[in-house]
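Since the structure comes first, as structure tokens, the remarks are kept for the end.
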Amino acid sequence: MRLDTIVPKNLICLSDIREYEKEVYQDKADFVIEKKKDSDEFEKFKNVLKYYTLIFDFFEEEILVSDNTGKILFINQKSADVMGIDPEDYIGENINDLVDRKIFNPSATLNVLKERKRVDLLIRLKSGEQRLASAVPIFDQDGEMELIICTSKNVLEIVKLEEKLERRNKKISEQSEQINQLQREIMAQNNFISVSGEMKDVVNKVNKLAHFDVTLLVTGETGVGKGVLARTIHQISDRRNKPFIKVNCGLIPENLLDSELFGYEGGAFTGADAKGKVGKFELADGGTLFLDEIGEMPMSLQVKLLDFIQDKEFTRVGGTKKQVVDTRIVAATNRDLIKMVEKGSFRKDLLFRLNTVNIEIPPLRNRVEDIPELVEHFINKFNTKYMMKKRIMAETVQELLVYDWPGNIRELEHVIERMMLMSDGNYLTSEDFRINAASRTKGHAEAGRVFCTGIMPYKEAKRELERQLILKAYEKYRSTYKAAESLGINQSTVSKLLKKYSE
Numbered sequence: 001m002r003l004d005t006i007v008p009k010n011l012i013c014l015s016d017i018r019e020y021e022k023e024v025y026q027d028k029a030d031f032v033i034e035k036k037k038d039s040d041e042f043e044k045f046k047n048v049l050k051y052y053t054l055i056f057d058f059f060e061e062e063i064l065v066s067d068n069t070g071k072i073l074f075i076n077q078k079s080a081d082v083m084g085i086d087p088e089d090y091i092g093e094n095i096n097d098l099v100d101r102k103i104f105n106p107s108a109t110l111n112v113l114k115e116r117k118r119v120d121l122l123i124r125l126k127s128g129e130q131r132l133a134s135a136v137p138i139f140d141q142d143g144e145m146e147l148i149i150c151t152s153k154n155v156l157e158i159v160k161l162e163e164k165l166e167r168r169n170k171k172i173s174e175q176s177e178q179i180n181q182l183q184r185e186i187m188a189q190n191n192f193i194s195v196s197g198e199m200k201d202v203v204n205k206v207n208k209l210a211h212f213d214v215t216l217l218v219t220g221e222t223g224v225g226k227g228v229l230a231r232t233i234h235q236i237s238d239r240r241n242k243p244f245i246k247v248n249c250g251l252i253p254e255n256l257l258d259s260e261l262f263g264y265e266g267g268a269f270t271g272a273d274a275k276g277k278v279g280k281f282e283l284a285d286g287g288t289l290f291l292d293e294i295g296e297m298p299m300s301l302q303v304k305l306l307d308f309i310q311d312k313e314f315t316r317v318g319g320t321k322k323q324v325v326d327t328r329i330v331a332a333t334n335r336d337l338i339k340m341v342e343k344g345s346f347r348k349d350l351l352f353r354l355n356t357v358n359i360e361i362p363p364l365r366n367r368v369e370d371i372p373e374l375v376e377h378f379i380n381k382f383n384t385k386y387m388m389k390k391r392i393m394a395e396t397v398q399e400l401l402v403y404d405w406p407g408n409i410r411e412l413e414h415v416i417e418r419m420m421l422m423s424d425g426n427y428l429t430s431e432d433f434r435i436n437a438a439s440r441t442k443g444h445a446e447a448g449r450v451f452c453t454g455i456m457p458y459k460e461a462k463r464e465l466e467r468q469l470i471l472k473a474y475e476k477y478r479s480t481y482k483a484a485e486s487l488g489i490n491q492s493t494v495s496k497l498l499k500k501y502s503e
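Mapping to the UniProt record's numbering: the sequence shown position 406 is 406, numbers consecutive.
Here you go:
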């Protein structure tokens, strides 16, 4: 292709040079550019066009450009090689000539001339090879079609790319499932059961946030599993192979907590080790530092913690050198930090930093759907630990469901363990539960008593009590007649209600 003599008018706009015209002459329809400005401008134009040609030749796709009559203006080298032609022989020819000579058929470009919109179709080359061609019309400001740019690609290459993409997606899907399975196993090992909607929301948060290095605040009543959640976050995060260090801010005296967290230099205070001591922040470098009972941290240390969260550096007690570590902070509390801020016992700016994302674990009484799964988990755990083969009666599980569990999961675990150790038979009974429960909710001390577990509309409460009563009576006697006799109602009524509440 002779770049010094072949300059399609339609491509002049690409270089923003509009000072030239061309006229057609010779049988081959070579274009001669009539210069309207000096030769320097003309040379500049040739160089720009040369660069465009080099760029188009670099593309993997075949490119063919024609005007609004189907006349060929440009063919890149890739397209010429695929069609087995010399570009110089076809510049200025009409697309119809290539179709007539069976160089390819059909033509996406000719279809665009008819439909005036993008066309995608399969074409077949003279060699029999198939290509996927896409032709796009280019319009001027007046809506007149100026150019048609047609690109094509080997169908087999597209199929191979699709297969490669499918294999990659399958691999990603398998890896994602493996990660999800690992997360489920870790949560199960950590007593992290999620059957209820409330706990599923917590699990979704954990799975989303574990892989981000953000500071997390875990809240909830005593015994709900805040420490378990913190460890779970660490185990499924990218820091899983680094240390997980736990510090209970409420158990360490205020005068020792500073050096415990941040370490100290030799001779920092009376009784200090001459070699100094590494603090928990340094021990957790690369991993996670879990600050339990963060609400008990004294104000003086809250400032140092805030500085670390902001700058990732601190100074040891008695030292002057800044220590820089890569430690993630997960904090937990059962206290209302907002009220503490209002009272002036907790820093507002620290709360903002800690509370970037808050994960609240609901109490066990608000997610009773989790109790049967937790019970089964603990029974399996202690069967393995104590080499037992104990099971639990269905009626006992029902009694566990209506217990208030003020100590939450921790209390449930301890109660199950005591029941298994103290029971004589292989089945845990309601009597075992009554004997081994550490505390009782009001109105639940009497054996067999049924009651509502929370505030609800009167009609709903009445229905719930009726449901508990009917199911409990039938589970005990396994006879509608005996259940009716014990309840003082007709057998038909028991049968009707049993059917109603068993559906």
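Note that CB positions come from ideal geometry on N, CA and C, so glycine has one too.
In this text, all values refer to a predicted model and were calculated from it rather than measured experimentally.
Quick one, are the C-beta atoms of K71 and I103 less than 9 Å apart? In this structure, I103 does not lie closer than 9 Å to K71 by Cβ.
Can you tell me whether H211 is buried or exposed, with buried defined as 16 or more other CB within 10 angstroms of its CB? Label assigned to H211: exposed.
Could you tell me whether the Cβ atoms of T315 and Q323 are closer together than 9 Å? For the pair T315 and Q323, the CB atoms are nearer than the 9 Å cut-off.
Taking I409 as part of the alpha helix (DSSP H), name the residues at either end of that continuous run. Its alpha helix (DSSP H) spans residues 408 to 422.
Assigned secondary structure, E485 (DSSP; H/G/I helix, E/B strand, else coil): Reduced to three states, the DSSP call for E485 is helix.
Compute the beta-carbon to beta-carbon distance between I294 and T356, rounded to the nearest angstrom, for a pair I have assumed lies under 8 Å. Cβ-Cβ separation between I294 and T356: approximately 14 Å, too far for a contact (criterion under 8 Å).
Starting from T219, trace the beta strand (DSSP E) both ways and give me its first and last residue. For T219, the uninterrupted beta strand (DSSP E) run begins and ends at 216 to 219, by DSSP.
Can you have a look at I371 and say buried or exposed, based on whether 16 or more other CB atoms are within 10 angstroms of its CB? Its Cβ being crowded by 16 or more others within 10 Å, I371 is buried.
Under 8 Å, with one C-beta from each stretch per pair, do the region 361 to 369 and the region 400 to 415 reach the 3-pair mark? The region 361 to 369 vs the region 400 to 415: in contact.
Might you give, ordered along the chain, the residues of its own chain that have their beta carbon closer than 6 Å to the beta carbon of V136, omitting 5 neighbours on each side? Within the same chain, V136 has close Cβ partners R118, I149.
Buried or exposed, going by whether 16 or more other CB atoms sit within 10 Å of the CB of L256? Label assigned to L256: exposed.
Whose C-beta lies closer than 6 Å to the C-beta of G250 among residues of the same chain, with five residues either side of it excluded? Once the five neighbours on either side are set aside, the close Cβ partners of G250 are E293, E296.
Element boundaries [beta strand (DSSP E), containing Q141]: First-last for Q141: undefined, no H or E at that position.
Relative to the alpha-carbon of G279, which residue among L261, L291, G271 has its alpha-carbon at the smallest distance? Ranking L261, L291, G271 by Cα distance to G279 puts L261 first.
Segment limits, beta strand (DSSP E) that includes M199: Note, M199: premise wrong, no beta strand (DSSP E); alpha helix (DSSP H) at 197 to 209.
Going residue by residue through the region 116 to 171, where are the continuous beta strand (DSSP E) segments of at least 3 residues, counting only ones entirely within it? List check, beta strand (DSSP E) in window: 119 to 125, 130 to 139, 145 to 154.
Could you tell me whether the region 209 to 226 touches the region 339 to 355, using the rule of 3 or more Cβ pairs below 8 Å? Cβ pair count under 8 Å is three or more, so yes.
Alpha-carbon to alpha-carbon, K381 and P201: First, the amino acid is wrong: residue 201 is Asp here, not Pro. Near 25 Å, if we compare the C-alpha coordinates of K381 and D201.
Within a Cβ cutoff of 7 Å, which residues of the same chain sit near N358, ignoring the five residues on either side of it in sequence? Cβ neighbours of N358 beyond the five flanking positions: L217, T219.
Considering only the beta carbon of each residue, do G276 and A268 sit closer than 9 Å? A contact, by the Cβ cut-off of 9 Å.
In this structure, how does DSSP classify L251 when only helix, strand and coil are distinguished? DSSP places L251 in coil when its eight states are reduced to three.
Alpha helix (DSSP H) segment containing I85, residue limits: For I85, there is no enclosing alpha helix (DSSP H), as DSSP marks it with neither H nor E.
Here's the rule I'm using: 16 or more other beta-carbon atoms within 10 Å means buried, otherwise exposed. How should K208 be labelled? Classification of K208: exposed, given that the 10 Å Cβ count is below 16.
How far does the alpha helix (DSSP H) with I361 in it reach, from first residue to last? First-last for I361: undefined, no H or E at that position.
Which word fits V330, buried or exposed, when buried means at least 16 other C-beta atoms lie within 10 angstroms of its C-beta? Per the 10 Å Cβ criterion, buried.
Could you tell me whether the Cβ atoms of G266 and D258 are closer together than 9 Å? No, they are not a contact pair.
In chain order, what residues of the same chain lie with their CB nearer than 7 Å to the CB of I309, ignoring the 5 residues before and after it? Correct list, in chain order: T215, I329, R353.
Cβ neighbour criterion (16 or more within 10 Å) applied to Y25: Caution applies to Y25, whose pLDDT of 34 falls short of 50 and renders its modelled position unreliable; the model cannot decide the point.
One question on the structure: do R467 and Y427 come within less than 9 Å of each other, judged by their Cβ atoms? Contact: no.
If you compare alpha carbons, which of D238, E221, F244 is closest to R231? With distances taken between Cα atoms, R231 lies closest to F244.
Cβ-Cβ separation, E61 to V82 (assumed contact under 8 Å), whole Å: About 10 Å separates the two Cβ atoms, so there is no contact after all.
Grouping DSSP H, G and I as helix and E and B as strand, with all else coil, what is N334? In the structure shown, N334 sits in coil (DSSP, three-state: anything other than H, G, I, E or B).
Apply the 10 Å Cβ neighbour rule to residue 511 and answer buried if 16 or more other Cβ atoms are within range, or exposed otherwise. Absent from the model: residue 511. The displayed extent of the chain is 1 to 503, so no value can be given.
CB L132 to CB K153, shorter than 9 Å? Cβ distance < 9 Å, so L132 and K153 count as in contact.
Over the uninterrupted beta strand (DSSP E) stretch that includes E282, give me the two end residues. Run containing E282: none in the beta strand (DSSP E); it sits in the alpha helix (DSSP H), 280 to 283.
What does the alpha-carbon distance come out to for the pair I33 and I91? Note that I33 scores 43 on pLDDT, short of 50, meaning its location in the model is unreliable; the coordinates nonetheless yield the value given after this. Near 15 Å, if we compare the C-alpha coordinates of I91 and I33.
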